[in-house]
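A quick write-up on the structure given underneath.
Number of protein chains: 2
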Amino acid sequence: MYKALVNVTLRKSILDPKGKAAREALHNLGYSTIEDVRIGKFIEINIKADSEKEAEAIARDACSKLLANQVMEDFTIQITKV
Amino acid sequence: MYKALVNVTLRKSILDPKGKAAREALHNLGYSTIEDVRIGKFIEINIKADSEKEAEAIARDACSKLLANQVMEDFTIQITKV
Chain A
0 MYKALVNVTL RKSILDPKGK AAREALHNLG YSTIEDVRIG KFIEINIKAD SEKEAEAIAR
60 DACSKLLANQ VMEDFTIQIT KV
Chain B
0 MYKALVNVTL RKSILDPKGK AAREALHNLG YSTIEDVRIG KFIEINIKAD SEKEAEAIAR
60 DACSKLLANQ VMEDFTIQIT KV
């Protein structure tokens, strides 16, 4: 069994209203040294596979097809054995 | 300038309807080897600080006060210099 840890982030050129709202709220709380906040998704996927390579291929495929919107988002995958 | 990379995850005992929906959708697409999906948040915070320690303290504080709901969520922070 493998666990894929996936970070999905909005592309740099895409506006991030959630992150902007969080930054404004933090400024209002007094955190003036926080310059920018961007909010993406963190996805943990448990995969039954024979090898790390196979697990990564499945995770990459699942992200491309469903979990990330590649027009607006990038993703990185890290595989660990569990 | 430092960048804090924060992973916010739902606690193990908390149901994750978004993750469950993603798992069902992946099963319907034929990914039967995917056993479990949990979806959390990935937050990037740019912080002006004099040291890594100070940046981490600010990030931890911001997460505790605003970005994570500690009743239901856990978070991990990783600091990098940018």
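Sequence order for the protein chains is A and B. Residue numbers for the first sequence follow numbering that gives the first Met the number 0, beginning at 0 and rising by one. Residue numbers for the second sequence follow numbering that gives the first Met the number 0, beginning at 0 and rising by one. All residues carry an ideal CB built from backbone N, CA and C; glycine is no exception. Values in this document were obtained by computation on a predicted structure and should not be read as measured data.
Under the assumption that residue i contacts residue j (Cβ atoms under 8 Å), give the Cβ distance between them as a whole number of angstroms.
i, j, result
"Ile33/B", "Ala67/A", "Incorrect: roughly 15 Å between the Cβ atoms, too far for contact."
"Leu65/A", "Ala20/B", "Their Cβ separation, rounded to whole angstroms, is 10 Å, which puts Leu65/A and Ala20/B out of contact at 8 Å."
Please go through the same chain and pick out, in chain order, the residues whose beta-carbon is closer than 6 Å to the beta-carbon of residue i, but skip the five residues on each side of it.
i, result
"Thr79/A", "Lys2"
"Lys40/A", "Val7"
Please tell me whether residue i has its Cβ less than 8 Å away from any Cβ of chain B.
i, result
"Ala56/A", "no"
"Asp35/A", "yes"
"Asn6/A", "yes"
"Lys80/A", "no"
"Glu23/A", "no"
"Ile38/A", "yes"
"Lys47/A", "yes"
"Leu28/A", "yes"
Could you tell me which residues DSSP puts in a beta bridge with residue i?
i, result
"Gln77/B", "Leu4/B"
"Glu43/A", "Leu4/A, Arg37/B"
"Glu72/B", "Leu9/B"
Would residue i count as contacting chain A if we go by Cβ distances under 8 Å?
i, result
"Ala61/B", "yes"
"Glu72/B", "no"
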